[in-house]
Amino acid sequence: MSEIPDPSDVYFVIAAYNEGRAIEDVVRTCLAHYPHVVVVDDGSHDETLDAAVAAGAIGLRHTINLGQGAALQTGIDYALKAGASHIVTFDADGQHRIEDVAPMLEALVAAGAEICLGSRFLGGTVGMTKMRHMILKAAIIFTWLTAGLKLTDAHNGLRVMTKKAARLIRIRQNRMAHASEIIEEISRHKISYIEHPVTIVYTDYSRAKGQRVSNMINIVVELFMGRLTR
Amino acid sequence: MIIKLLLTLGLLACLVYFFVNRAQFRLLALSVLVMILGGIYLVWVPEHATALAHQMGVGRGADLLLYGWVIVSFAVILMLHVRERRILSTLTELVRAIAINHPTLPKKAP
Chain V
1 MSEIPDPSDV YFVIAAYNEG RAIEDVVRTC LAHYPHVVVV DDGSHDETLD AAVAAGAIGL
61 RHTINLGQGA ALQTGIDYAL KAGASHIVTF DADGQHRIED VAPMLEALVA AGAEICLGSR
121 FLGGTVGMTK MRHMILKAAI IFTWLTAGLK LTDAHNGLRV MTKKAARLIR IRQNRMAHAS
181 EIIEEISRHK ISYIEHPVTI VYTDYSRAKG QRVSNMINIV VELFMGRLTR
Chain X
1001 MIIKLLLTLG LLACLVYFFV NRAQFRLLAL SVLVMILGGI YLVWVPEHAT ALAHQMGVGR
1061 GADLLLYGWV IVSFAVILML HVRERRILST LTELVRAIAI NHPTLPKKAP
């Protein structure tokens, strides 16, 4: 696998919960470069699914809200079934730039790695608050301690992975703890990974939807309880 | 005296519930039965509860029961939590299977 994959073999997986306002633009932007976009509507109460499908995405619907982690896993399962060679996870709120994906694919192939994680701290950020900066840095330390991987950005939704990596990683944490879990899975299966700089565009819309301090506590509790019951 | 009657009635209600649903209790059956019958016994002969407490280094029978109650409650909460996660995991698989098997495809082929 040393060639850059054809865009038609790349599947975008977008988990969306009540993103009716933003999802259409995000889907259209992705479709302009890659033909397969899978949007998993995680039991939204708005027109997320219709908007995504109208924009040209394949729409999957969770009949009840299960959380972003569960939605990503559903989309990844679908993409693998559909024959994807590479899977891109992309956030629904428009904070990622499509321009970052092609260089990530190239870097992944060039390095011969199985997963490429976007890093906003290697790249740039537009409009990040101080508080968010601190939360994200704390998350990096947490990941380092629990998974043993020293990353520059532990909670970036932009990832490019091969189907091999996608098959190995199982997201069992339905809620927000999935970002840490993916990194733990990388560590557990010894999946070769690289980081690549990406630019995150913070808008008022995406800021309102991002991680909060209260969420951090939930994530730690989720991961801990997950270990107890696994 | 009224409290003894109330407690006995409550425990008898548990006993009735237990016998009606005994098939579901399985392994726990014997311990539940012992707890209910032991409870009724200690309600009417509280001196024995106190004697037992003294042997274990606790001042009063009522305190011993309270401590026991706390331990049992925590165990039950933990059990329920584990079960809830298991149910959630089954539910996730179910919802996922429905989602994957019923995709909404865009009108114009991509």
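Chains as they are written, first to last, in the numbering used here: chain V, 1 to 230; chain X, 1001 to 1110.
Glycine residues also receive a C-beta, built at the ideal position from the N, C-alpha and C atoms.
In this text, all values refer to a predicted model and were calculated from it rather than measured experimentally.
query, result
"In whole angstroms, what separates the C-alpha of residue 1045(X) from that of residue 1062(X)?", "12 Å"
"Helix, strand or coil, according to DSSP, for residue 1090(X) in the structure here?", "helix"
"Going by the CB atoms, is the gap between residue 98(V) and residue 33(V) shorter than 8 Å?", "yes"
"Count the other CB atoms within 10 Å of the CB of residue 12(V); is the residue buried (16 or more) or exposed (fewer)?", "buried"
"Determine the chain X residues that contact residue 77(V) at a beta-carbon separation under 8 Å, and present them in chain order.", "1096 and 1100"
"Any contact of the segment 77-91 of chain V with the segment 185-194 of chain V, i.e. 3+ C-beta pairs under 8 Å?", "no"
"From 72(V), 88(V), 41(V) and 66(V), pick the residue whose C-alpha is nearest to that of residue 1089(X); which is it?", "66(V)"
"Does the beta-carbon distance from residue 1065(X) to residue 1049(X) come in below 8 Å?", "yes"
"Below 8 Å on C-beta distance, what does residue 1104(X) contact in chain V?", "49, 53, 58, 59, 60 and 61"
"Once you ignore the five residues that flank residue 174(V) on each side, which residues in its own chain have a CB closer than 7 Å to its CB?", "66, 67, 69 and 70"
"Which residue wins for smallest C-alpha separation from residue 165(V), given the options 136(V), 84(V), 196(V) and 149(V)?", "84(V)"
"Which parts of the segment 1011-1093 of chain X are runs of the beta strand (DSSP E), unbroken and 3 residues or longer, counting only runs that do not cross its ends?", "none"
"Is residue 70(V) close to chain X, meaning its C-beta is less than 8 Å from at least one C-beta of that chain?", "yes"
"Identify the contact partners of residue 64(V) in chain X, using a Cβ-Cβ distance below 7 Å as the criterion.", "1095"
"On the three-pair Cβ rule with 8 Å, is the segment 50-60 of chain V touching the segment 15-33 of chain V?", "yes"
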